[in-house]
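Structure record follows, encoded as structure tokens.
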Amino acid sequence: MKRITVIFTAVILLLCLVPSAGMALLGPSAARANEIAPAEPELFSRDGEFNAELLSDTAEYLDESFYLRQELITLWARVKALFGQSTESGVVLGSDGWLYYADELADFTGTEPLSERELFAAARNLALMSEYVEGLGARFVFTIAPNKSSLYPEHMPELARSGAATDAERLAEALEAEGVEYLDLFELFRSRSETLYFEHDSHWTSRGAALAADAINSVLGAASAYGGGYEYETRQHTGDLYEMLYPAGTDRETDDVPTALGFSQGEGIRPDSITIDTTGSGSGSLLMFRDSFGELLYPFMAASWAEARFSRQSVYDLTTAAELGSDAVVVELVERNLFWLCEQRAVFPAPERSLDAAGAHPGSASLALDDGTEGYHHLYGTVGDGIDADSPVYIAYNGTYYEALIASEDFSATLPGSGGGEYGVYWYSDGILTRADLSI
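If you want it as structure tokens, here you go:
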């Protein structure tokens with residue numbers, strides 16, 4: 004009995020040594036799909052001082068880099084999946100092996116809808132963007148890439164749903180009222196019998212991207228018929244959600260990747276590059292702001308235009324359309340991130356407005372200058388409590404009124420000149436025009 008105990012103890016100790024010994028002999032494990040590889044701990048900081056956080060840095064490095072880490076994470080995830088539980092907070096386990104992105108849950112259940120103010124801000128900001136682009140003589144189109152759970156809910160877990168209109172549906176209504184050209188991809192995808200999203204990924208397939216490209220190009224009058232077929236090569240695809248959950252897993256899906264689209268791009272360009280400039284076989288110039296759904300979408304779009312720029316910048320810089328002489332501007336945004344429309348900054352000269360400011364009630368607001376561009380200065384600020392849900396924000400400067408971009412109580416604007424001096428900020432509170440005079 005004593006010998007068995009010794010052997011058992013020795014085996015356990017040897018197993019405990021495997022992660023550290025393997026790391027020493029074979030190197031650290033690679034980072035998971037949603038992780039950044041940890042930096043090796045350093046004895047001294049860059050300025051030559053002793054690193055007081057050396058022990059904690061070392062512990063963190065070992066915890067995230069030990070040998071067989073990915074394999075053990077995958078094994079544990081497989082075990083938990085047998086009981087219908089996900090080990091990754093960002094991944095929801097569906098039926099029949101389907102995986103969903105957890106950030107879609109709020110949209111799916113309807114538990115965290117945009118407030119009326121946020122909805123108005125999103126629609127109004129897009130209306131201002133459209134007004135500027137159309138003032139350049141170009142077309143403006145906004146479209147939403149549907150959440151996977153919105154198109155294929157049959158594999159989602161049984162969850163209580165509010166039954167209310169979704170944010171995408173509410174925004175579509177608001178955009179119609181604002182006169183913004185909106186392309187509805189929900190109805191288009193739901194009309195197709197084939198599955199156009201990956202089972203293990205949060206995005207559409209190449210065939211789904213082709214369908215979306217046809218729809219966008221059709222609205223803009225560009226030649227496009229990818230949905231009817233294109234030259235392709237069937238390749239293995241590892242889903243982003245699958246890789247997050249099972250980093251050492253080997254299950255793969257397939258995707259029909261286009262191989263003969265007529266466009267060219269610069270050296271070193273990747274689908275996730277922040278800026279992609281292309282030359283295609285179509286006609287006209289396109290500027291497209293896109294998110295990760297654009298990685299499979301942009302090749303189809305690029306081939307349909309003579310020139311195109313695809314941007315993943317966190318700022319919608321519409322002045323680029325003026326610089327490039329774009330004939331069309333498209334903004335594509337996934338359903339789960341619609342709140343970005345009242346958070347993500349857009350850059351273009353604020354439109355001038357007429358305003359009868361006589362009798363405006365006094366109120367409070369803050370205002371500050373931000374970095375500007377040549378001939379313009381950027382402002383941002385906050386109005387006091389009580390702004391109406393459907394209230395624009397106006398800024399008076401040098402005798403002219405301008406309409407600002409809005410986000411709840413916050414606002415921002417790009418105004419002519421170097422900035423500074425006297426400003427007036429106007430908004431409606433309980434239907435009454437309210438004013439704050441500010442000096443910078």
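If you read the sequence shown in the working numbering, its first letter stands for residue 4, the second for the next number, and so on.
Ideal Cβ placement from N, Cα and C applies to all residues, glycine included.
All figures in this text were calculated on a predicted structure; none of them were measured in a lab.
Could you spell out where the beta strand (DSSP E) holding residue i opens and where it closes?
i, result
"residue 147", "142–148"
"residue 437", "435–442"
"residue 279", "278–283"
"residue 308", "First-last for residue 308: undefined, no H or E at that position."
"residue 371", "368–376"
"residue 90", "Unbroken run through residue 90: none, as it is neither H nor E."
"residue 73", "Not the beta strand (DSSP E): residue 73 falls in the alpha helix (DSSP H), residues 72–84."
"residue 408", "408–410"
"residue 428", "425–432"
"residue 337", "331–337"
"residue 399", "397–400"
"residue 291", "288–292"
"residue 268", "266–268"
So, for residue i: in the same chain, excluding its five sequence neighbours on each side, which residues have a beta-carbon less than 7 Å away from its beta-carbon?
i, result
"residue 122", "173, 174, 177"
"residue 141", "324, 329, 330, 331, 332"
"residue 416", "353, 382, 398, 405, 407, 408"
"residue 392", "119, 120, 123"
"residue 205", "104, 151, 243, 244"
"residue 193", "154"
"residue 128", "344, 345, 349, 408, 409"
"residue 75", "none"
Using beta-carbon positions only, say whether residue i and residue j come within less than 7 Å of one another.
i, j, result
"residue 355", "residue 405", "yes"
"residue 314", "residue 296", "no"
"residue 338", "residue 130", "no"
"residue 389", "residue 357", "no"
"residue 248", "residue 91", "yes"
"residue 250", "residue 88", "no"
"residue 260", "residue 233", "no"
"residue 342", "residue 135", "no"
"residue 145", "residue 185", "yes"
"residue 285", "residue 77", "no"
"residue 361", "residue 438", "no"
"residue 421", "residue 380", "yes"
"residue 349", "residue 132", "yes"
"residue 283", "residue 263", "no"
"residue 298", "residue 280", "no"
On the CB-based measure, 16 or more other CB atoms within 10 Å of its CB, does residue i come out buried or exposed?
i, result
"residue 366", "buried"
"residue 489", "Residue 489 lies beyond the residue range present for the chain, which begins at 4 and ends at 443; the question has no answer from this structure."
"residue 344", "buried"
"residue 440", "exposed"
"residue 435", "exposed"
"residue 227", "buried"
"residue 110", "buried"
"residue 429", "buried"
"residue 210", "buried"
"residue 20", "Legend: pLDDT at residue 20 = 48, less than 50; position of this residue unreliable, value from coordinates given subsequently. So residue 20 ends up on the exposed side."
"residue 310", "buried"
"residue 124", "buried"
"residue 79", "exposed"
"residue 85", "exposed"
"residue 278", "exposed"
"residue 269", "exposed"
"residue 376", "exposed"
Beta-carbon within less than 8 Å of residue i's beta-carbon, same chain only, minus the 5 sequence neighbours each way: which residues are those?
i, result
"residue 426", "370, 382, 398, 399, 400, 440, 441, 442, 443"
"residue 97", "103, 158, 159, 160"
"residue 1", "The chain is shown only over 4 to 443; residue 1 falls outside these bounds and no answer can be derived."
"residue 167", "113, 116"
"residue 412", "385, 386, 387, 388, 390"
Apart from the five residues just before and just after residue i, which ones in its own chain have a Cβ nearer than 6 Å to its Cβ?
i, result
"residue 107", "150, 152, 339"
"residue 18", "In this prediction, residue 18 scores a pLDDT of 47, lower than 50, which makes its location untrustworthy; the coordinate-derived value is nonetheless stated afterwards. Excluding positions up to five away in sequence, the list is empty."
"residue 95", "103, 105"
"residue 213", "229, 230, 303"
"residue 101", "158, 202"
"residue 237", "257, 259"
"residue 240", "256, 258"
"residue 196", "none"
By the DSSP assignment, the alpha helix (DSSP H) with residue i in it spans what residues?
i, result
"residue 326", "322–327"
"residue 421", "No alpha helix (DSSP H) holds residue 421; DSSP gives it neither H nor E."
"residue 344", "Note, residue 344: premise wrong, no alpha helix (DSSP H); not H, not E."
"residue 382", "Here residue 382 belongs to no alpha helix (DSSP H); instead the beta strand (DSSP E) covers 379–386."
"residue 154", "151–154"
- Query: Which ranges does the beta strand (DSSP E) cover as unbroken runs of at least 3 residues, wholly within the region 178–257, from first to last along the chain?
  - Reply: Restricting attention to beta strand (DSSP E) runs no shorter than 3 residues, the region 178–257 encloses them at 235–240, ordered along the chain.
- Task: Mind listing, in chain order, the continuous alpha helix (DSSP H) runs of no fewer than 4 residues lying wholly within the region 94–122?
- Result: Qualifying alpha helix (DSSP H) stretches, in chain order: 108–112.
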